[in-house]
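Input: a single structure, listed below in C-alpha cells.
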Ligand code: SAM
Ligand code: DTB
Ligand code: SF4
C-alpha cells in the first residue's frame, strides 16, 4: 500500500482528533469527494463555477500544444496506450526528434496562439544521453517565449534537477486512476513509482502537471480516489489534465464502455472544487465531444485544453474549430499561468 492509500485509510478509520494530529496533509477523503459527485447536477455546477470564479478569470483558457518527440516502441504495458510495444496498434515507431525539428513545431504552435509547448516521449524513463537533447530543446523553446512542459516517464531526483536547470516550467506525470484500480491498467511500474517522480519534480522546483484518464472501466469511487489522491498531494498539482480515454484499436481498452457525458462533466466539476487553484485541463477525447459538451466542461471549471491538430499519436479538435468555439463562447487565451490564478 502506498503512502497515499495508507493516509486515506487512516483518515477514514481514525477518530477525528487523531487524524488531525497524525495526517495534517489530508484535504479530501474519498467519501467527501463522493459526496460532491452525488450532488444534484445543477448544485454541483453552481458550486464548481463559484469556486472557479473565486480563483480565476472565468473567460480565460490556457492553451497547451503537444508534440510527440519520441514515438512508440515503449516497453511499458499501459493498457490504454497506443505507444506500448506490447500491443499491435499499427503505429510506426520514431526515434527522438532533432532539436531543430522540435523547435519548428514549437514555432508553429506559438503562431497558432498556444501559450505552452509540451514535449512527450514514449519512454519508461529517459536515458541521460537523451535528456541532453530534450534539455537543449527546452532552452530553445523557452527562448521563443513559450512556457515549457515535458512528459518523459519516471524521473530520478538528479534528472528532475537537470530539467529544472534547463528551464523546464512543468513536468507532466499522471496518476492515471485510483491506487486500487491502477493494477488493472499498468503492471510495469507502481503507483508508488509515480508518486516518487512527482516528489522529485516538486522538490526540484518545477510545476507539477498530473491528472488521469476517465473511461477505462473504473468505478465512480475510483475516479473519486484519483481526485482525492491528487488533491492530497503535499502541494496539489498546478495543472490537472482530465483525459477521456481515446479508444485505440489494438489496445486492451479498445472496447471498454465509455463513461456518460454527465459523469465526465461531474469529474471536471469535482476536480475544480477539490483543487480550486489548479488549472483543470479538458484533455484527450475532446475531438469526440460536441461544442455544448465542451461548454459545460468549461462551466464546470475546466480552464485549459490541449490545442493543436494532434495529441501525441491521435488527432485532436482542429485549431480552426477551437478558434471558432472560443469566439462563440467569449473565451480568450490565458497569457501566462505565472500571472494567474488571481
Ligand atoms: N511515457 C510517458 C509516461 O507514460 O509517463 C509520457 C507519455 S504518456 C503517453 C502521457 C499520458 O498520456 C499517460 O499518462 C496517459 O494519462 C495519457 N494517455 C495515453 N494514452 C491515452 C489514451 N489513449 N487516452 C487518453 N489518455 C491517454
Ligand atoms: C495528458 O494527460 N494527456 C496527453 C499529455 N498528458 C501528454 C496525452 C494524451 C495522449 C492521447 C493518445 C495519443 O495521442 O497517443
Ligand atoms: Fe509508454 Fe507512456 Fe504509453 Fe505507458 S503511457 S505505454 S509509459 S508511452
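Numbering (my numbering), first residue to last: 1292 to 1633. Every residue gets a Cβ at the ideal spot worked out from N, C-alpha and C, and that includes glycine. Only a predicted model underlies this, so the values are computations on that prediction, with no experimental measurement involved.
The stretch 1557 to 1564 makes contact with the stretch 1586 to 1593, as at least three CB pairs between them are under 8 Å. Within the same chain, Cβ atoms closer than 7 Å to the Cβ of residue 1585 are found at 1573, 1577 and 1616, the five residues on either side in sequence being excluded. In this structure, residue 1625 has its CB at a distance of at least 7 Å from all heavy atoms of the ligand SAM. Annotation for residue 1519: 1319, 1321 and 1324 place their beta carbon closer than 6 Å to its own, counting only its chain and skipping 5 residues before and after. Under the 10 Å beta carbon count, residue 1501 is surrounded by 16 or more other beta carbons and is classified as buried. For residue 1356, the CB contacts under 6 Å within the same chain, skipping 5 residues up- and downstream, are 1400, 1405, 1408, 1598 and 1599 in chain order. With 5 Å as the limit between CB and the heavy atoms of the ligand SF4, the residues that fall short of it are 1365, 1367, 1369, 1372, 1374, 1375 and 1413. For the options 1437, 1475 and 1476, the alpha carbon positioned closest to that of residue 1458 is the one of 1437. Taking 7 Å as the cut-off, one finds at least one heavy atom of the ligand DTB near enough to the beta carbon of residue 1575. Within the model, the alpha-carbon separation for residue 1579 versus residue 1420 is close to 38 Å. The beta carbon of residue 1412 sits closer than 6 Å to the beta carbons of 1360, 1361 and 1443 from its chain, once the five residues preceding and following it are set aside; these are given in chain order. The stretch 1415 to 1434 makes contact with the stretch 1454 to 1469: 3 or more CB pairs, one atom from each, lie closer than 8 Å. Burial state of residue 1389 is exposed, judged by a 10 Å Cβ sphere holding fewer than 16 other Cβ atoms. Around the beta carbon of residue 1583, fewer than 16 other beta carbons sit within 10 angstroms, so the residue counts as exposed.
Residue burial is scored here from C-beta neighbours: residue 1612 has fewer than 16 other C-beta atoms within 10 angstroms and is therefore classed as exposed.
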